[in-house]
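Chemist:
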Amino acid sequence: MRRPLEGVRVVELASEIAGPYCAKLLVDLGAEVCKIEPPSGDPLRHWGPFPAGRPDPDRSGLFEYLNAGKRGLALDFTDEGDLAVAHRLISAADVLIEDLPAGVPERREWGLDSDTLEQTNPNLVVTRISNFGQEGPLRDRVTTPLTLQAAAGWINLREPGRAPVQAGARIPEYIAGGYAALGTLTALRIATARTDRPVEVDVSMFESLLSTLPYPMLMAARLKSLGLPTNSKAAPMLGIVRAADGWIGINCLTGQHWLDVCAMVGLPEFGEHQLAIMLGGPERDEFFAKAQPFLESMSVAELVELSQAMRIPAAPISQGDTILACPQYAERGFFVESAPKDWQFTRPGAPFRLSKTPVPPPLPAPATTTAERTTGWAERDASRPDDASLDVALPFAGLKVFDMSTFWAGAYLTCYLGAFGADVVKVESVQRPDGHRYSGSLLRSGDEWYECGPLWQGTNLNKRDITLDLTSAAGRELALRLAAEADVVVENFSPRVVEQFGLDYESIARVNPGVIMVRMPGFGLEGPWRDYVGWALNIEQVSGMSASTGYADGPPCNLQGPADPIAGVHACVALLAALEHRRSTNEGQLIEAAQIEIGAAVTAEPIIEYSLTQRVREREGNRHRAYAQGVYPTSGDDEWVAVSIRDDADWAAVTELIARPDLKDDSSFSSQEARLDNHDALDEVLTRWTATRAPDDVADALRARGVPAERLLTADRMYDVDQLEARGFYEELEHPLSGRQRYPGWPFRISPGPAHHHRTASPTLGQHNDEVLGALGLAADELTVLRKERVIGERLLNA
1 MRRPLEGVRV
11 VELASEIAGP
21 YCAKLLVDLG
31 AEVCKIEPPS
41 GDPLRHWGPF
51 PAGRPDPDRS
61 GLFEYLNAGK
71 RGLALDFTDE
81 GDLAVAHRLI
91 SAADVLIEDL
101 PAGVPERREW
111 GLDSDTLEQT
121 NPNLVVTRIS
131 NFGQEGPLRD
141 RVTTPLTLQA
151 AAGWINLREP
161 GRAPVQAGAR
171 IPEYIAGGYA
181 ALGTLTALRI
191 ATARTDRPVE
201 VDVSMFESLL
211 STLPYPMLMA
221 ARLKSLGLPT
231 NSKAAPMLGI
241 VRAADGWIGI
251 NCLTGQHWLD
261 VCAMVGLPEF
271 GEHQLAIMLG
281 GPERDEFFAK
291 AQPFLESMSV
301 AELVELSQAM
311 RIPAAPISQG
321 DTILACPQYA
331 ERGFFVESAP
341 KDWQFTRPGA
351 PFRLSKTPVP
361 PPLPAPATTT
371 AERTTGWAER
381 DASRPDDASL
391 DVALPFAGLK
401 VFDMSTFWAG
411 AYLTCYLGAF
421 GADVVKVESV
431 QRPDGHRYSG
441 SLLRSGDEWY
451 ECGPLWQGTN
461 LNKRDITLDL
471 TSAAGRELAL
481 RLAAEADVVV
491 ENFSPRVVEQ
501 FGLDYESIAR
511 VNPGVIMVRM
521 PGFGLEGPWR
531 DYVGWALNIE
541 QVSGMSASTG
551 YADGPPCNLQ
561 GPADPIAGVH
571 ACVALLAALE
581 HRRSTNEGQL
591 IEAAQIEIGA
601 AVTAEPIIEY
611 SLTQRVRERE
621 GNRHRAYAQG
631 VYPTSGDDEW
641 VAVSIRDDAD
651 WAAVTELIAR
661 PDLKDDSSFS
671 SQEARLDNHD
681 ALDEVLTRWT
691 ATRAPDDVAD
701 ALRARGVPAE
711 RLLTADRMYD
721 VDQLEARGFY
731 EELEHPLSGR
741 QRYPGWPFRI
751 SPGPAHHHRT
761 ASPTLGQHND
771 EVLGALGLAA
781 DELTVLRKER
791 VIGERLLNA
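Residue numbers are given in full-length UniProt numbering: position 779 of the sequence shown equals residue 779, and the series is strictly consecutive.
Below, the structure written as structure tokens:
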């Protein structure tokens with residue numbers, strides 16, 4: 001069976017997670033990847049987890065997961081012969097993925113710079129992954145995963161009374177890898193225009209993290225314009241709470257959810273106090289004191305079942321030892337066994353399912369790197385089809401997308417396609433518009449408040465908008481006619497919604513056999529939880545993200561949002577591969593991107609570790625397994641800095657800076673092991689120094705001495721980052737009601753390629769009814785009748 005990316009050859013010169021995960025997604029979709037490692041191997045080989053009682057210094061479970069099915073080759077780039085072998089492989093490849101630090105001389109010395117690669121292979125796609133991108137004032141800044149999260153606004157207050165905490169399980173690195181795969185496939189499309197030079201994708205991990213935040217900079221700007229505080233301490237309700245036998249997430253997305261929760265726990269009198277409780281007022285403690293006995297009277301499974309019966313989004317907090325027992329994962333067979341026969345373990349399967357080009361079971365990762373595994377690579381024909389008509393600035397021009405999505409995940413995918421040329425027609429109704437319009441309820445002012453929500457606007461750029469009442473026969477008939485003309489249809493409701501309207505894949509494919517339909521249900525199209533309601537927090541909770549985040553002696557913590565754009569990116573990766581397949585076969589298909597499976601795919605380590613060791617690793621807070629680090633208070637009002645002490649040189653620099661030379665050789669801190677063993681004492685030393693100084697002074701002074709440090713970025717300062725300004729991360733657009741605003745773009749630059757991130761501001765409700773429906777052949781009098789019958793409209797009903 002042909003695979004979507006069959007015939008695409010990729011050379012991977014990357015280590016750890018981001019680059020290898022990018023290449024892993026391409027392997028899932030059929031690409032052939034040759035991973036080149038230095039003689040010492042990818043450091044992830046030595047990270048673990050390892051099989052219980054038999055640690056293998058050259059094979060870890062996480063390495064096996066990320067590198068399954070790749071060829072392997074060990075090359076020393078300081079050796080001319082090995083370097084020549086690498087360039088022979090690159091000359092026959094379609095894609096090169098590399099993660100060398102930006103600006104290092106080795107890139108030119110090894111012939112990996114743009115000019116040399118143009119001579120080696122002018123048809124190449126080059127994906128470069130770095131911390132801050134290849135250009136800009138922060139390009140060469142020293143950083144660690146902790147300080148990068150701090151710089152990007154990812155370290156947040158998650159447990160009252162304690163320091164803000166990072167996201168666990170190295171999830172941000174997978175996020176960058178997902179965006180890198182998205183940029184790579186977009187660049188492959190551009191490369192068909194035969195630009196006579198490599199198409200380069202410059203991926204910024206920093207911008208990748210910013211891109212998954214729920215538009216805090218837009219929210220802060222709007223709050224500031226209304227004279228309201230810009231850095232809210234509001235928390236989702238109920239959040240993560242304890243049941244009789246474990247933790248559960250109960251998540252109110254709407255006011256009705258809150259009223260239903262109050263009724264469920266027997267406290268209807270709190271129904272009018274949602275905002276005060278969310279903001280942490282005295283009512284909050286009172287509510288939880290009264291609600292906790294009810295919550296602890298039931299098991300997690302019972303509470304999930306009761307909540308979902310009342311259509312309240314709820315999910316168990318899964319971790320490595322419990323996630324396999326989750327009925328939805330188990331029945332869908334998502335977790336699979338790794339390929340090595342001598343030490344099998346359980347790992348996540350592919351994060352998407354394609355009906356005509358399914359992802360096969362994983363093959364082994366390269367256990368050793370041998371030249372024999374690349375035999376024949378360089379002799380193969382590297383040519384790909386040309387498309388002389390393609391505009392590199394609008395690579396998706398001509399693609400018709402019918403967007404039935406709601407909220408963030410599906411709409412994020414279609415926003416991306418529209419940014420680069422696709423004609424995206426979004427459908428809502430005046431009776432039930434996209435629920436994302438209601439997000440940010442603090443900002444409701446004016447009669448047309450539902451047009452101006454920052455979360456809605458940021459997610460729905462680059463689209464046309466129509467309204468159709470799908471509960472009416474006329475609305476359903478028009479929707480099917482639009483789907484019949486589309487190349488791509490996208491939806492992310494619970495499965496029964498589009499099925500009851502006759503707009504599922506089978507119904508659409510009968511009138512449009514070549515259609516590619518992307519369905520993105522929270523829990524999947526099949527399984528006992530298929531009809532459960534959920535949103536991003538549920539995905540974080542059931543997939544292991546929440547269990548991996550927080551302090552060892554505290555509760556699991558929500559990441560509060562990134563699951564939605566993560567799902568959108570992965571679904572778009574699968575879609576772009578399916579479009580490649582259709583270009584050569586004219587075959588459409590169904591793509592199922594279950595959000596809980598995508599969440600588990602980027603939180604792979606806990607399940608792999610438990611499978612190999614039968615042990616659940618404690619939450620690590622802000623700590624690292626190999627070196628000391630933390631998040632420390634400063635003299636600023638609720639201002640914090642993240643600091644990593646990677647080695648003895650960093651520690652010597654710190655002791656000099658804080659005027660404590662006596663600590664440099666103190667046996668409690670003089671080695672990496674000692675600092676880890678005495679981490680609490682080290683934290684006290686640093687806190688005494690940081691707490692008396694301004695956050696920027698602390699971070700600047702440490703960085704001047706080569707020590708990674710960052711002030712935690714807050715929403716009100718996200719527009720003021722020089723690096724983002726230099727790279728044009730924000731795009732200013734004019735909205736007819738809310739005026740000019742700066743919207744975040746995509747976390748990579750493609751050259752040659754699109755010069756802009758976005759094309760148009762978000763549409764108003766039904767703005768393009770006449771334009772889109774008129775193109776179907778409807779006359780003006782027919783549109784008048786449809787408006788009278790409220791099948792279509794331009795204003796929210798009962799607004």
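Backbone N, C-alpha and C fix where the C-beta goes; we use that ideal spot for every residue, glycine too. Remember, it's a predicted structure, so these values are computed and weren't measured experimentally.
According to the neighbour-count rule (16 or more other Cβ atoms, all chains shown, within 10 Å of its Cβ), is residue 35 buried or exposed?
Modeler: buried
Chemist: Taking residue 26 as the reference, give the member of 352, 342, 165, 762 with the closest Cα.
Modeler: 352
Chemist: Please classify residue 104: is it buried, with 16 or more other beta-carbons within 10 angstroms of its beta-carbon, or exposed?
Modeler: Exposed.
Chemist: Under DSSP, the beta strand (DSSP E) around residue 74 begins and ends at which residues?
Modeler: First-last of the beta strand (DSSP E) with residue 74: 71–74.
Chemist: Helix or strand or just coil, what does DSSP make of residue 372?
Modeler: For residue 372, the predicted structure reports a pLDDT of 45, less than 50, and the residue's modelled location is therefore unreliable. The matter cannot be settled from this model.
Chemist: Over what stretch of residues does the alpha helix (DSSP H) that includes residue 599 continue unbroken?
Modeler: 595–601
Chemist: Count Cβ pairs between the stretch 308–320 and the stretch 604–615 that sit closer than 8 Å; are there 3 or more?
Modeler: yes
Chemist: Spatial neighbours of residue 796 within its chain, please: C-beta separation below 7 Å, excluding the five flanking residues on both sides.
Modeler: 430, 433, 450, 765
Chemist: Give the secondary structure of residue 294 by DSSP, where H, G and I count as helix, E and B as strand, and everything else as coil.
Modeler: helix
Chemist: Straight-line CA distance for residue 617 to residue 527?
Modeler: 29 Å
Chemist: State yes or no: is the beta carbon of residue 565 nearer than 9 Å to at least one beta carbon in chain C?
Modeler: Annotation note: the requested chain C is absent from the structure, which comprises a single protein chain.
Chemist: CA-CA distance, residue 424 and residue 69?
Modeler: 36 Å
Chemist: Could you check whether the stretch 511–529 touches the stretch 485–493, counting it as contact only if at least three pairs of C-beta atoms, one from each stretch, sit closer than 8 Å?
Modeler: yes
Chemist: Taking DSSP's pairing of strands, which residues face residue 35 in a bridge?
Modeler: 12, 72
Chemist: Quick one: complete alpha helix (DSSP H) runs, 4+ long, within the stretch 542–586?
Modeler: 563–585
Chemist: Is residue 718 helix, strand or coil by DSSP?
Modeler: Three-state result, residue 718: helix.
Chemist: What does residue 793 pair with, by DSSP beta-bridge criteria?
Modeler: According to DSSP, residue 793 bridges with nothing at all.
Chemist: Using a Cβ-Cβ cutoff of less than 7 Å, which residues in the same chain neighbour residue 3 once the five nearest sequence positions on both sides are dropped?
Modeler: 29, 30, 357
Chemist: Between the Cα of residue 649 and the Cα atoms of 95, 246, 672, which residue gives the shortest distance?
Modeler: 672
Chemist: Who are the near neighbours of residue 462 in its chain, counting only those whose CB is closer than 7 Å to its CB and skipping five residues on each side?
Modeler: 415, 418, 419, 424, 758, 759, 760
Chemist: Does DSSP put residue 129 in a helix, in a strand, or in coil?
Modeler: strand
Chemist: How do the stretch 144–157 and the stretch 123–130 stand: do at least 3 beta-carbon pairs fall below 8 Å, yes or no?
Modeler: no
Chemist: Can you check DSSP and say which residues form a bridge with residue 748?
Modeler: 203
Chemist: For the 8 Å Cβ check, are there 3 or more pairs between the stretch 551–561 and the stretch 468–484?
Modeler: They do not touch, by the three-pair rule.
Chemist: Which value, in whole angstroms, describes the spacing of the CA atoms of residue 145 and residue 409?
Modeler: 25 Å
Chemist: Are the Cβ atoms of residue 762 and residue 406 separated by less than 9 Å?
Modeler: no
Chemist: Run through DSSP, which three-state label would residue 467 get?
Modeler: strand
Chemist: Please say whether residue 93 and residue 162 have beta carbons closer to each other than 9 Å?
Modeler: no
Chemist: Assign residue 255 to one of two classes, buried (16 or more other C-beta atoms within 10 Å of its C-beta) or exposed (fewer than that).
Modeler: exposed
Chemist: CB-CB under 6 Å to residue 452, same chain, minus the five flanking residues each way: which ones, in chain order?
Modeler: 737, 738
Chemist: State buried or exposed for residue 81, treating a residue as buried only when at least 16 other CB atoms are found within 10 Å of its CB.
Modeler: Around the beta-carbon of residue 81, fewer than 16 other beta-carbon atoms lie within 10 Å, marking it exposed.
Chemist: Mind checking who residue 732 pairs with in its DSSP beta bridge?
Modeler: Per DSSP, 742.
Chemist: Within a Cβ cutoff of 8 Å, which residues of the same chain sit near residue 372, ignoring the five residues on either side of it in sequence?
Modeler: Caution applies to residue 372, whose pLDDT of 45 falls short of 50 and renders its modelled position unreliable; the model cannot decide the point.
Chemist: Who are residue 239's beta bridge partners in DSSP?
Modeler: 250
Chemist: Give the straight-line distance between the Cα atoms of residue 359 and residue 350, rounded to the nearest whole angstrom.
Modeler: 7 Å
Chemist: Look up residue 59 in the DSSP assignment and say whether it is helix, strand or coil.
Modeler: strand
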